[in-house]
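The opening residue of the sequence shown carries number 10 in the numbering used here; numbering runs sequentially from there.
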Amino acid sequence: MAVAVALHVLRSLRSAGLDFALPPRCPGCGAIVDGDHRFCVTCWQSLEFLGSPNCIRCAVPLPHDIGPDATCAACDRDPPVFDRAAAAVAYGEVARTVALRLKYGRRPGVARTMAGQMARLLGDLPPGACVGAVPLHRWRLWKRGYNQALLIARGVAEEAGLDCVPDLIERTRATPTLRGLGTRERRQAVRDAFRVPARHRQALDGRIVLLVDDVFTSGATAEACARALKEAGAREVRLLCWARVLREEGAAR
Ligand SMILES: [Zn+2]
Ligand SMILES: [Zn+2]
Numbered sequence: 010m011a012v013a014v015a016l017h018v019l020r021s022l023r024s025a026g027l028d029f030a031l032p033p034r035c036p037g038c039g040a041i042v043d044g045d046h047r048f049c050v051t052c053w054q055s056l057e058f059l060g061s062p063n064c065i066r067c068a069v070p071l072p073h074d075i076g077p078d079a080t081c082a083a084c085d086r087d088p089p090v091f092d093r094a095a096a097a098v099a100y101g102e103v104a105r106t107v108a109l110r111l112k113y114g115r116r117p118g119v120a121r122t123m124a125g126q127m128a129r130l131l132g133d134l135p136p137g138a139c140v141g142a143v144p145l146h147r148w149r150l151w152k153r154g155y156n157q158a159l160l161i162a163r164g165v166a167e168e169a170g171l172d173c174v175p176d177l178i179e180r181t182r183a184t185p186t187l188r189g190l191g192t193r194e195r196r197q198a199v200r201d202a203f204r205v206p207a208r209h210r211q212a213l214d215g216r217i218v219l220l221v222d223d224v225f226t227s228g229a230t231a232e233a234c235a236r237a238l239k240e241a242g243a244r245e246v247r248l249l250c251w252a253r254v255l256r257e258e259g260a261a262r
């Protein structure tokens, strides 16, 4: 009986957001850490943080600092639809574990940890910018119960004091896994798979949109979303991700 009461109290406290009964844990390895949204020293040191100098269009690191607004050779040849891209870390073992914990591990608090690291890359955003997330298809949303990119987007919006529009983009159809496909096939696979619902179009007119996703692989999905946003009137789309795949490691989505 006493145990049942204690459990009930604990659950009530946790649902009220008071998580003090449990020590904070590293989102990379589960070790107990000093405070919420912190990594242990080992995981922190193994994360490869991205930042300047990098290509402003696709976030790949550049070998030399060639000034602000520099772009890589690939973006010079074939610029992506989104105007800017940034990612907090390179995709590696710890970055992947964190993304999977959020996606499949039902650990929504991890989204806040990711958002905290992503918010440092926001730069100067004019007022009126809004935040949206790469959507899941409704069947996948129904199965998983939440869209991990939207949880991160909410965290970013809160950190930055911006509006988050939860259903800014919708998936009109399920898309196949992009793993193993070439650039052209990936683009083909997600073409016209996204749209901005009519109710958001007026509010989007002339605005800058911060498009949030967990992992940036080929950028094909984000490009298709950016295209839908621009067709709906967005002035600029900036992609902001937790992790950027720099070497092909089969993480396409
Ligand atoms: Zn750790
Ligand atoms: Zn680039």
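By construction, the Cβ of each residue, glycine as well, lies at the ideal position given by its N, Cα and C atoms.
Within this structure, are the beta carbons of residue i and residue j separated by less than 8 Å?
i, j, result
"A229", "V199", "yes"
"V107", "P36", "yes"
"D74", "P62", "yes"
"A68", "A96", "yes"
To the nearest whole angstrom, what separates the beta carbons of residue i and residue j, a pair I think is in contact under 8 Å?
i, j, result
"L238", "R93", "About 13 Å separates the two Cβ atoms, so there is no contact after all."
"R244", "G215", "5 Å"
How would you call residue i, buried or exposed, if buried means at least 16 neighbouring beta carbons within 10 angstroms?
i, result
"R253", "buried"
"V223", "The sequence given here places Asp at residue 223; Val does not occur at that position. Answer is buried; the Cβ neighbour count reaches 16."
"Q211", "exposed"
"G114", "exposed"
"V50", "exposed"
"A120", "buried"
"W251", "buried"
"A82", "exposed"
Would you say the beta carbon of residue i is closer than 7 Å to some non-hydrogen atom of ligand 2?
i, result
"A99", "no"
"T80", "yes"
"R93", "no"
"V143", "no"
"V174", "no"
"V254", "no"
"V246", "no"
"C250", "no"
"R116", "no"
Using alpha carbons as the reference points, say which of the options lies closest to residue i.
i, options, result
"G175", "G164, E168, R153 and C64", "Checking the sequence shown, residue 175 turns out to be Pro, not Gly. Ranking the options by Cα distance to P175, first place goes to G164."
"A142", "C38, L220 and F48", "L220"
"L111", "L190, M123 and C139", "M123"
"G118", "A162, T184, S55 and L134", "A162"
"T186", "V205, E179 and T226", "T226"
Does ligand 1 have a heavy atom nearer than 7 Å to the CB of residue i?
i, result
"G132", "no"
"F48", "yes"
"T122", "no"
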